[in-house]
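2 protein chains.
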Amino acid sequence: MIISEETKSATADRQLFIKMVVSNWELQNQRLNGLIDKLSDDQMLQPVAAEKNRAIYLLGHLIAVNDGMIPLLGLGERLFPELETPFVKNPDDVAIHTASVAELRASWIKLNNALTVYFNGMDPSDWFTKHSGISEENFAKEPHRNKLNILINRTNHQAYHLGQLIFLKS
Amino acid sequence: MIISEETKSATADRQLFIKMVVSNWELQNQRLNGLIDKLSDDQMLQPVAAEKNRAIYLLGHLIAVNDGMIPLLGLGERLFPELETPFVKNPDDVAIHTASVAELRASWIKLNNALTVYFNGMDPSDWFTKHSGISEENFAKEPHRNKLNILINRTNHQAYHLGQLIFLKS
């Protein structure tokens, strides 16, 4: 197959754009990792502010939501489907003990390693295709709602909760 | 000038990327607007949590930081340079009264209207050029650190503080 210079240039543009989005996701991960590494397991069981979610809940929530990108981007199955009910479908509840802080810390690392492998294996053009949460009809009208857009959205979501978790930093 | 089909296609790709980033910025603005419209001026003078920043400080901070995009993207001069010192260079201080809540609400709207006009007037290719905060040398090595990347970064920054401001929602 002969690849024209123009096609190479279009691929380079897409790779650059993917790099922008993925590097911002990585930056948010670095910040969150830096924070939770500093928080003790006891601190992770505290609410981030009076009457607000506990840090353990926010970490479980971020794992469950980001894990949901795997099927949404057509990459495979969730690693931790059991976290969806306690950490997304339901509010924080100290009476429900589904996972320890240590388990969630390990799951967070495992998930990010898996997502990195998945993202690195994606063809640049695949990022600009339809994700499984939008209909063919709507995607035809709004092609910006593609897979890469999901990662932009989830990065913002993570920044939102990082702004809350940071309140536990002493 | 004759524009080839390939050039048109590259421009369409870039327009799609820009749409993705700008629409996520607009989404964060909508969420922040929806929240601060619901908060009274009295609530805006409250800290978002015990011993944390007041909402007025966070709003001033977001205005000052986002206003900084205007010179950073080579679009012109800041609209509110006087907010840099009290809301970025210094921490929240109830003793310093530089702007009323009403003034900041108006400045926020004025800034977003101005940014929208600026963004709409930018040529798609301009978003992928160097911003004024990076050297030619570093940009040559890291071309993903372009103007559009600034908007991705500032959108995450805004989401981070929205996650804090939401604590005042009753």
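Each protein sequence line maps, in turn, to chains P and S.
Per my numbering, numbering through the first sequence is continuous, rising by one, with the last residue being 335.
Per my numbering, numbering through the second sequence is continuous, rising by one, with the last residue being 335.
Ideal placement from N, C-alpha and C gives every residue a C-beta, glycine not left out.
None of these values were measured; they are calculated from a predicted model.
When you compare only the Cα positions, how much space is there between residue i and residue j?
| i | j | result |
| --- | --- | --- |
| T172(S) | S174(P) | 10 Å |
| L210(P) | G225(S) | 32 Å |
| E170(P) | T176(P) | 10 Å |
| L238(P) | H296(S) | 32 Å |
| P289(P) | I183(P) | 7 Å |
| V253(P) | A229(P) | 7 Å |
| T294(S) | D178(P) | 12 Å |
| G298(P) | G286(P) | 21 Å |
| V186(P) | R310(S) | 11 Å |
| S272(S) | F245(P) | 44 Å |
| E249(S) | E302(S) | 28 Å |
| R270(S) | S300(S) | 35 Å |
| L316(P) | N218(S) | 29 Å |
| K334(S) | V259(S) | 21 Å |
| L227(P) | K275(P) | 13 Å |
| P251(S) | A324(S) | 21 Å |
| R196(S) | P212(S) | 19 Å |
| K203(P) | A264(P) | 20 Å |
| T320(S) | F304(S) | 21 Å |
| P236(P) | K306(P) | 23 Å |
| G233(P) | R243(P) | 6 Å |
| D291(S) | I168(S) | 18 Å |
| H262(P) | E247(S) | 50 Å |
| D257(P) | Y283(P) | 30 Å |
So residue i packs on residue j, CB below 8 Å; how close in whole Å?
| i | j | result |
| --- | --- | --- |
| L154(P) | N231(P) | Residue 154(P) lies beyond the residue range present for chain P, which begins at 166 and ends at 335; the question has no answer from this structure. |
| F332(S) | A214(S) | 6 Å |
| L313(P) | A220(P) | 29 Å between Cβ atoms; not a contact. |
| L223(P) | H326(P) | 5 Å |
| A267(P) | D207(P) | Contact flag wrong, Cβ pair sits at about 12 Å. |
| L181(P) | P308(S) | 6 Å |
| N318(P) | N189(S) | 6 Å |
| G328(S) | G328(P) | 4 Å |
| N255(P) | N194(P) | With 8 Å as the limit, N255(P) and N194(P) do not qualify as a contact, their Cβ atoms being about 25 Å apart. |
I want to verify the contact list: residues of chain S whose CB lies under 9 Å from the CB of residue i, in sequence order.
| i | result |
| --- | --- |
| G185(P) | The amino acid occupying residue 185(P) in the given sequence is Met; Gly does not appear at that position. Within 9 Å Cβ-Cβ: F182, V186, H309, R310, N311, L313, N314 and I317. |
Residues of chain P with CB under 8 Å from residue i, in chain order?
| i | result |
| --- | --- |
| F332(S) | A214, K217 and Q329 |
| A324(S) | N321, H322, A324, Y325 and G328 |
| Q193(S) | N321 |
By the criterion of Cβ-Cβ separation under 8 Å, what are the contact partners of residue i in chain S?
| i | result |
| --- | --- |
| A175(P) | E171, S174, A175 and D178 |
| N189(P) | N314, I317, N318 and N321 |
### Query
What residue ranges within the segment 215-296 of chain S form continuous alpha helix (DSSP H) runs of no fewer than 4 residues, ordered along the chain?
220-232, 234-237 and 266-286
#### Entry: Runs of alpha helix (DSSP H) wholly within the segment 292-321 of chain S (minimum 4 residues, chain order)
301-306
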